[in-house]
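A.B. asks: The structure's right below; bear with me while I get my questions together.
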């Protein structure tokens with residue numbers, strides 16, 4: 162997706178990776194900061210990138226087990242106004258009541274973004290553990306920079 166060199170796509174790619182990393186690092190302030198000030202179009206691009214990342218991980222892992230304990234812990238890092246909706250949606254996916262896209266269809270854009278990120282992080286934690294998942298995310302970031310897509314903003 163970033164192959165086009167479109168700066169909006171590069172920004173979305175980085176925000177998706179930084180949001181995933183913030184959840185893995187259990188950094189609530191960074192979780193909120195990743196999406197602050199984004200308009201609806203930019204949020205949709207971040208959502209699209211998160212879906213691509215989630216689907217690639219799902220394809221790689223198969224259907225991973227998603228522990229309820231992890232779902233609750235990760236969702237607790239989301240903005241307070243979205244936490245309950247995120248927890249409910251991810252639990253519906255984990256119990257195979259519904260698929261991910263159906264679980265998020267009624268949520269506002271921020272809710273969809275945080276739900277997809279939560280699902281991805283829970284899958285990463287279950288498959289690799291926190292330290293290895295963080296290492297993988299950091300390796301992805303280095304690879305994006307190596308390919309010529311530097312982070313277009315500063316992380317505080």
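Residue numbers (the numbering used here): 162 to 317.
Note that CB positions come from ideal geometry on N, CA and C, so glycine has one too.
Are residue 192 and residue 274 close, meaning C-beta to C-beta below 8 Å?
C.D. replies: As a position in the chain shown, residue 192 is number 31, starting the count at 1. As a position in the chain shown, residue 274 is number 113, starting the count at 1. For residue 192 and residue 274, no; Cβs fall outside 8 Å.
A.B. asks: State the Cα-Cα distance for the pair residue 229 and residue 203, rounded to the nearest angstrom.
C.D. replies: Stepping through the chain shown from its first residue, residue 229 is reached at position 68. Stepping through the chain shown from its first residue, residue 203 is reached at position 42. Going by the C-alpha atoms only, they are around 31 Å apart.
A.B. asks: By how many angstroms is the C-alpha of residue 296 removed from the C-alpha of residue 234?
C.D. replies: Here residue 234 refers to the residue found at position 73 when the chain shown is read from its first residue. Here residue 296 refers to the residue found at position 135 when the chain shown is read from its first residue. Those two C-alpha atoms are separated by around 20 Å.
A.B. asks: Please state if the CB of residue 265 and the CB of residue 276 are separated by a distance shorter than 8 Å.
C.D. replies: Your numbering for residue 276 matches position 115 in the chain shown. Your numbering for residue 265 matches position 104 in the chain shown. In contact: residue 276 and residue 265 (Cβ atoms closer than 8 Å).
A.B. asks: Quick one: grab the DSSP three-state call for residue 177.
C.D. replies: Taking the first residue of the chain shown as position 1, residue 177 is located at position 16. Helix.
A.B. asks: Taking only the alpha-carbon atoms, compute the straight-line gap between residue 278 and residue 166 and give it to the nearest angstrom.
C.D. replies: Along the chain shown, one-based indexing puts residue 278 at 117. Along the chain shown, one-based indexing puts residue 166 at 5. If I take the Cα positions, the gap works out to 24 Å.
A.B. asks: If we require 4 or more residues per run, which alpha helix (DSSP H) segments fall completely within the segment 221 to 262?
C.D. replies: Listed in chain order, the complete alpha helix (DSSP H) runs (minimum 4 residues) inside the segment 221 to 262 are 229 to 236 and 241 to 255.
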